[in-house]
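Okay, so here's the structure we're looking at.
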Amino acid sequence: MPLREGILLVGTGRAAHHLGHAIARAGLPLAGVVGRAVATAKPLALALRTTPFGLDEGLPPAALTLLAVSDDAIVPVAARIRARDGVVAHLSGASDMDRLLPHAHRGVLWPVMSLSPGEPADLSHVPLVVDANGEEARRALLDLARSLSGKVVELPLDQRRLVHLAAVFASNFPVALFAEARALLEQGGIAPDLLTPLWKATAAKAAAVGPEQALTGPARRGDQGTLDRHLAALAGDPDLRRAYALLSDLIAKRHPRTLDAR
Ligand SMILES: NC(=O)c1ccc[n+]([C@@H]2O[C@H](COP(=O)([O-])OP(=O)(O)OC[C@H]3O[C@@H](n4cnc5c(N)ncnc54)[C@H](OP(=O)(O)O)[C@@H]3O)[C@@H](O)[C@H]2O)c1
5 MPLREGILLV GTGRAAHHLG HAIARAGLPL AGVVGRAVAT AKPLALALRT
55 TPFGLDEGLP PAALTLLAVS DDAIVPVAAR IRARDGVVAH LSGASDMDRL
105 LPHAHRGVLW PVMSLSPGEP ADLSHVPLVV DANGEEARRA LLDLARSLSG
155 KVVELPLDQR RLVHLAAVFA SNFPVALFAE ARALLEQGGI APDLLTPLWK
205 ATAAKAAAVG PEQALTGPAR RGDQGTLDRH LAALAGDPDL RRAYALLSDL
255 IAKRHPRTLD AR
């Protein structure tokens, strides 16, 4: 079934918001937005100029049904929507597509991006990972992915799980550490925004020249005096002190001191 027969979006959270707007912007027809109840689906359906549905209602036919629901909800939601002629896919990098059983044509469309509330994201440079259990699902998901992004890659589950693990290191941990850094300044009575230019420039530089070139700091330089002072300053926060010691140790082992690391 070609995508012009419609895409049904199940879910009303962050991923549904961004995917829904990207689909609408790409000029692909939405068959509707499905919430737990019709009232939950109304705001997003209204924004996307499509019809709201509740999960227990009769759902319209669609070439592709996208389950933009929490990972743990994929199995129960897939079981609740009646057998569909088209393709059924979820958006989860870490989840097996067989969570979509009993649907015959199933697959995955995973945006490798952190999608937060806010303005609809431009997905045109966001990598979209596709996987499918057969040619019909593969064709539909590749069609959609290529309409949304110039970076489409097909990966099986074990490789998706590896990318998901790597993404935790590339995005999730740095954001959590940024929160710790801001809290340290706040505790010292210093405006946390002082670090924002550094934070933005660091990601841009590491992407431009590569992390090996971009990495500086006391652990890489082997500045033991500074490392000891930092550890002493963290004496009142054993968790953060342990994290500091572990990360510094990792840097020293994996990124030996070079003349560039000043
Ligand atoms: N956000 C990201 O950065 C991101 C990036 C890539 C992929 N994804 C994937 O996208 C999917 C959705 O994530 P999200 O970030 O959009 O989550 P979210 O903002 O928390 O939204 C989750 C959606 O699932 C619905 N839901 C949860 N449990 C349900 C249940 N038992 N029955 C029916 N509906 C249920 C929620 O409905 P209620 O609001 O009514 O509870 C909500 O609409 C996940 O598979 C995630 O792995 C997310």
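Heads up, the sequence shown is in this note's numbering, so the first residue is 5 and it goes up one at a time.
Quick reminder that beta carbons are idealized off the backbone N, C-alpha and C, glycines included.
In the structure shown, Gly229 adopts helical secondary structure according to DSSP, grouped into three states. For Trp203, the Cβ stays outside the 7 Å cut-off from all heavy atoms of ligand 1. Residue pairing by DSSP places Pro65 opposite no residue, since no beta bridge is assigned to it.
DSSP places Pro56 in the uninterrupted beta strand (DSSP E) bounded by 56 to 58. Residue side-chain check: Ala77 places its Cβ nearer than 7 Å to a non-hydrogen atom of ligand 1. Taken through DSSP and simplified to helix, strand or coil, Gly31 comes out as coil. The beta carbon of Gly58 sits no closer than 7 Å to any heavy atom of ligand 1. Judged by pairs of C-beta atoms under 8 Å, the segment 19 to 35 touches the segment 140 to 153, as three or more such pairs exist. Nearest neighbour of Val79 by Cα position, chosen from Pro106, Ala171, Gly97, turns out to be Pro106.
Across the structure, Gly226 and Glu184 are spaced so that their CA atoms are roughly 23 Å apart. Distances from the CA of Val42 to each of Ala35, Thr55, Pro33 were compared; the closest alpha carbon is that of Thr55.
Setting aside the 5 residues that flank it on each side, Gly122 has no residue in the same chain whose C-beta is closer than 7 Å to its C-beta.
Within the same chain, Met5, Pro6, Leu7, Arg8, Glu9, Gly10, Ile11, Gly90, Val91, Ala144 come within 8 Å of Ala67 by CB-CB distance, once the 5 residues on both sides are set aside. For His168, the enclosing alpha helix (DSSP H) stretches over residues 161 to 171.
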